[in-house]
Amino acid sequence: MSKFNHSVSRRAFMQGLGLAGLAAVGTGRLGTSEAFAAPADGTIALFGEQAEWVQKYDADPRLTVQRSSTPILSQQTIAETERAIAQYQDIAARGGWNSVPNQTMKLGTKGNAIVALRQRLVLTGDLDEVAGNSPIFDSYVESSVKRFQSRHGINATGVVAQQTVQALNVPVQVRVRQLEINLVRLRAFAGNLGVRFVTMNIPGAAVETVEGGQVATHHAAGVGKIDRQSPVMQAKAVEVNFNPFWTVPASIIRKDLIPKMQADPNYLSDNKIRVYNGAGVEVAPNAINWNSMDATHFKFRQDPGGDVNSLGFVRINIPNPHGVYMHDTPAKGIFGDDFRFVSSGCVRVQNVRDYVAWLLKETPGWTRDQIDEAIRSGQRIDARLTTPVPVYWIYVTAWANDGTIQFREDIYQRDGFGASGAVAAASPSTGSGQQSAGGILEPMSLTEMPPR
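Just so we're on the same page, this note's numbering is the position in the sequence shown counted from 1, plus 905.
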C-alpha cells in the first residue's frame, strides 16, 4: 500500500494528520473520501496575513481518512452507536482483547509484540484478517495503526507510542460502558435542533456546522483546559465582530501583565496593549509602578489585529451565562496538535473565515469577499446575523456514524472512570499558564477567571 507523499512540508504533513484525527475512518472496511483543498505545493495556504495549515491527507485513496458527513447530533449517529454497543458487547463476550506490549513500534519493527498488535487491530476491524500474523510491522500494520489513531483522536503518525498503546489497552468492557454513557448524551439531543446549527464537541476539540441534516464544514478547535473547562451549553450565534478589541481581565493583569512588564518595559507597546485610567483617559505605561499592584486599578485593552490580538481577526458572540464565546487566534499552530485543551473556556476555531462565511450566508451583504475585505480593513466592524444560529457545546467521548466507531479522551473525567494516563501522555510540556504561542496572552472572559 502506498505511503504518504513526502514532498509536502513537515508542518503541513503533521497538520494534515492532526486534522485526520478529527475525521471518520472505516471500521472493518476501506473507503474513500473527499480530497482536502490545498495549494499545489502542499505547504501553507495564506489568506491575507492569516495563515491556515492546509488540510491534506496524501495517501492511497483506499486508506484516506474519511470525514463524516453525518452530524454527531443526529438520529443516524444514535442508531449506529446502538449497533456499536452490540458489536463491542460481542467482542467482550468472546473474551475481549489482549494487551499490547508497552513499547514503541513502527515500520520495520520485528517481534512477538507485532503479532499481538495485529491481533488487537483485527478485533476492532482496523486490520483485515488476511494480513495474517507476521511478526513484522509492515505497511499494512502502519495503515491500520493510522486508522486506529484517527478513530481515537490521536495524530495519525502510524507509530505506536505511549498514547496509542494506552488507547489500545483500554479494556473492551470500558469501551462498552463509554458508548452506553454517551448514547444517553446523544439521545438528549434527539429533538429538533434547527435546520442550520453548530456543534462543538469538547472532548473531540472539534466544531462542525450542520445544514439540511448534513455536515457542511469541519473545524479543529482549541477548548478549555482541564482546570478551566469549556461548559456544556446551548446558545445562539447572534453577531460576528471583525477586528475586535480585547480587554485584559483583572486576573491576567495580576498574574501575567505585571510580571511581563517587570521583565520587559516594552511588553505593552510591543503587543499593542493600551492603558486607560478610571476616567477612560489613556495613560503611558511608564506612569505605573510595576513593582506594586497599582496596575490592577487600570484598564488594559489590546488593539485589533490578527497578528497580535489574542482574539485574532474574529470573535463570534454567543450570549450565555458563562461569558464564553468563539474566536480566531494568532496561535494557529495549536490546530496541528491532538491535545488542544489550551484555553480558559472560550473556543478557538480553525479556518475561522470559512466558519464565519457559513454563519453569515443568510445575512445580506456578507459574501466571502466582503468578509475578507472587512478583515483586511483592520477596522472594528460588527455583523449581526439576520437569523441567529443555534450553537450546541456538547461533551461526547464515544459515538459511531458513517460506519465508524469513534472514541476521545475523557479529558474532564465525566465518564466516571477516573483519571487516565493518556491525558498526561497527550498534555503539552508547556504547562497550563496563561500564555499562548509567541508570548501572546490568552483571552479569558471576566466570568471565567480562575480562583484568586
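In this text, a Cβ means the ideal position worked out from N, Cα and C, and glycines have one as well.
Problem - Span of the beta strand (DSSP E), counted from its first residue to its last, around R1101 - result: As a working mapping, residue 1101 is identified with position 196 in the sequence shown. 1101–1106 is the span of the beta strand (DSSP E), which, as asked, contains R1101.
Problem - 8 Å Cβ shell around I1223 - same chain, five flanking residues per side excluded - result: The count along the sequence shown starts at 1 and reaches residue 1223 at position 318. Taken in chain order, the residues that qualify are A1140, K1141, A1142, V1143, V1229, Y1230, M1231, V1296.
Problem - Buried/exposed call for R979, threshold 16 Cβ in 10 Å - result: What you label residue 979 is simply residue 74 of the sequence shown in a count that begins at 1. Looking at the sequence itself, residue 979 is Ser, so the reference to Arg does not match. Buried, by the Cβ-count rule.
Exercise for the section: For M1198, count neighbouring Cβ atoms within 10 angstroms of its own Cβ and tell me buried if that reaches 16, exposed if not. Expected result: As a position in the sequence shown, residue 1198 is number 293, starting the count at 1. Exposed, because fewer than 16 other Cβ atoms sit within 10 Å of the Cβ of M1198.
Handout entry: Separation of R972 from V1005, as counted between CA atoms
Key = Here residue 1005 is taken as the residue at index 100 of the sequence shown, counted from 1. Here residue 972 is taken as the residue at index 67 of the sequence shown, counted from 1. A straight-line Cα-Cα distance of about 28 Å links V1005 and R972.
Problem - Residues near V1081 in its chain [Cβ-Cβ closer than 8 Å; skip 5 each side] - result: Here residue 1081 refers to the residue found at position 176 when the sequence shown is read from its first residue. Apart from the 5 residues on each side of it in sequence, V1081 sits with its Cβ closer than 8 Å to the Cβ of I990, Y993, Q994, A997 in its chain, given in chain order.
Problem - Of the residues V1027, G1000, E1034, I1041, the one placed nearest I1019, counting alpha carbons only - result: Your numbering for residue 1019 matches position 114 in the sequence shown. Considering only alpha carbons, the answer is I1041.
Exercise for the section: Compare the beta carbon distance of F1322 and V1077 with 9 Å and say whether it is the shorter of the two. Expected result: For the purposes of this step, residue 1322 is taken as residue 417 along the sequence shown, with counting starting at 1. For the purposes of this step, residue 1077 is taken as residue 172 along the sequence shown, with counting starting at 1. Not a contact, by the Cβ cut-off of 9 Å.
Practice task
Return the CA-CA distance between K1177 and T1292, expressed in angstroms with no decimal places.
Solution key: Taking the sequence shown and counting its residues from 1, the one referred to as residue 1177 is at position 272. Taking the sequence shown and counting its residues from 1, the one referred to as residue 1292 is at position 387. Going from the Cα of K1177 to the Cα of T1292 covers about 35 Å.
Practice task
Could you tell me the distance, in whole angstroms, from the CA atom of N1267 to the CA atom of N1306?
Solution key: Position 362 of the sequence shown holds residue 1267. Position 401 of the sequence shown holds residue 1306. The question names Asn, but residue 1267 in the sequence shown is Glu. In this model, E1267 and N1306 are separated by some 29 Å (Cα to Cα).
Exercise for the section: Compare the beta carbon distance of V1261 and M1105 with 9 Å and say whether it is the shorter of the two. Expected result: Start at 1 with the first residue of the sequence shown, and residue 1261 comes out as number 356. Start at 1 with the first residue of the sequence shown, and residue 1105 comes out as number 200. Their beta carbons are not under 9 Å apart, which means V1261 does not touch M1105 by this criterion.
Exercise for the section: Could you give the DSSP three-state label for N1194: helix, strand or coil? Expected result: As a working note, residue 1194 is residue 289 in the sequence shown. In this structure, DSSP gives N1194 a state outside helix and strand, which the three-state scheme calls coil.
Exercise for the section: Round the Cβ separation of T982 and L1084 to the nearest angstrom and send it over; I've been treating them as touching at under 8 Å. Expected result: Counting from one through the sequence shown, the residue named residue 982 turns up at place 77. Counting from one through the sequence shown, the residue named residue 1084 turns up at place 179. Wrong, their Cβ atoms sit about 12 Å apart, outside the cutoff.
Handout entry: Rounded straight-line distance, which links the Cα of A1288 to that of E1113
Key = What you label residue 1113 is simply residue 208 of the sequence shown in a count that begins at 1. What you label residue 1288 is simply residue 383 of the sequence shown in a count that begins at 1. Cα-Cα distance, rounded: 21 Å.
Problem - Rounded separation between I1276 and L1012 - CA only - result: Mapped onto the sequence shown, residue 1276 falls at position 371. Mapped onto the sequence shown, residue 1012 falls at position 107. For the pair I1276 and L1012, the Cα-to-Cα distance works out to about 46 Å.
Practice task
Under the assumption that N1182 contacts F1203 (Cβ atoms under 8 Å), give the Cβ distance between them as a whole number of angstroms.
Solution key: Taking the sequence shown and counting its residues from 1, the one referred to as residue 1182 is at position 277. Taking the sequence shown and counting its residues from 1, the one referred to as residue 1203 is at position 298. With a Cβ gap of about 6 Å, N1182 and F1203 count as contacting.
Problem - Environment of G1058 [buried if 16+ CB atoms lie within 10 Å] - result: As a first step, residue 1058 is located in the sequence shown; it is residue number 153 there, counting from the start. So G1058 ends up on the buried side.
Exercise for the section: Please determine, among D1043, E1034, N1256, D1132, the residue with the shortest C-alpha to C-alpha distance to F1218. Expected result: Taking the sequence shown and counting its residues from 1, the one referred to as residue 1218 is at position 313. Minimum Cα distance to F1218 is reached at N1256.
Handout entry: Where W1271 falls: helix, strand or coil (DSSP)
Key = Counting from 1 along the sequence shown, the entry for residue 1271 is found at position 366. Looking at W1271 - three-state DSSP - the assignment turns out to be coil, as it is neither helix nor strand.
Handout entry: Alpha carbon of I1316 to alpha carbon of I1131, nearest angstrom
Key = Locating residue 1316 in the sequence shown gives position 411, counting from the first residue. Locating residue 1131 in the sequence shown gives position 226, counting from the first residue. Straight-line Cα distance between these residues: approximately 7 Å.
Handout entry: Where Q1134 falls, given that 16 or more other Cβ within 10 Å makes a residue buried
Key = Indexing the sequence shown from 1 puts residue 1134 at position 229. By the 16-neighbour rule on beta-carbons within 10 angstroms, Q1134 is buried.
Handout entry: Cβ distance (whole Å) where L1265 is taken to contact V1145 below 8 Å
Key = As a first step, residue 1265 is located in the sequence shown; it is residue number 360 there, counting from the start. As a first step, residue 1145 is located in the sequence shown; it is residue number 240 there, counting from the start. Correct: roughly 6 Å between the Cβ atoms.
Handout entry: Between the CA atoms of T1201 and N1194 - distance to the nearest angstrom
Key = As a position in the sequence shown, residue 1194 is number 289, starting the count at 1. As a position in the sequence shown, residue 1201 is number 296, starting the count at 1. Cα to Cα, N1194 sits roughly 11 Å from T1201.
Exercise for the section: Kindly indicate which residue of A1066, V1027, G1118 has the alpha-carbon position closest to the one of G1099. Expected result: Along the sequence shown, read from residue 1 onward, the residue named residue 1099 stands at position 194. Among A1066, V1027, G1118, the Cα nearest to that of G1099 is on G1118.
Practice task
Determine the DSSP secondary structure at T1029, reduced to helix, strand or coil.
Solution key: If you number the sequence shown from 1, residue 1029 lands on position 124. Three-state DSSP puts T1029 in coil, outside helix and strand.
Handout entry: Candidates A1121, T1302, T1152: closest to P976 by CA position
Key = For the purposes of this step, residue 976 is identified with residue 71 of the sequence shown, where counting begins at 1. Among A1121, T1302, T1152, the Cα nearest to that of P976 belongs to A1121.
Problem - Buried or exposed by the 16-neighbour rule on C-beta atoms within 10 Å, applied to S1048 - result: As a first step, residue 1048 is located in the sequence shown; it is residue number 143 there, counting from the start. Per the 10 Å Cβ criterion, buried.
Problem - For H1227, the three-state DSSP class (helix, strand or coil) - result: By 1-based counting over the sequence shown, the position of residue 1227 is 322. Three-state DSSP puts H1227 in coil, outside helix and strand.
Handout entry: 8 Å contact criterion, which W1002 and L1032 should meet: CB distance rounded
Key = As a first step, residue 1002 is located in the sequence shown; it is residue number 97 there, counting from the start. As a first step, residue 1032 is located in the sequence shown; it is residue number 127 there, counting from the start. Wrong, their Cβ atoms sit about 12 Å apart, outside the cutoff.
Problem - With 16 other Cβ atoms within 10 Å as the buried cut-off, status of T1272 - result: Position 367 of the sequence shown, counted from the start, is the residue given in the question as residue 1272. By the 10 Å Cβ count, T1272 comes out exposed.
Practice task
May I ask which residues mark the beginning and end of the alpha helix (DSSP H) holding T986?
Solution key: Translated into positions along the sequence shown, residue 986 becomes position 81. For T986, the uninterrupted alpha helix (DSSP H) run begins and ends at 980–998, by DSSP.
Practice task
Spell out whether any CB of chain D is found under 9 Å from the CB atom of T1268.
Solution key: Absent here is chain D; the protein component of the structure consists of one chain.
Problem - Nearest-angstrom Cα separation, counted from L1073 out to Q1008 - result: As a position in the sequence shown, residue 1008 is number 103, starting the count at 1. As a position in the sequence shown, residue 1073 is number 168, starting the count at 1. Cα-Cα distance, rounded: 12 Å.
Practice task
Run through the stretch 1003–1079 for me and flag every whole alpha helix (DSSP H) of 4 or more residues, listed as ranges in chain order.
Solution key: Fully enclosed alpha helix (DSSP H) runs of 4 or longer: 1017–1028, 1044–1056, 1067–1073.
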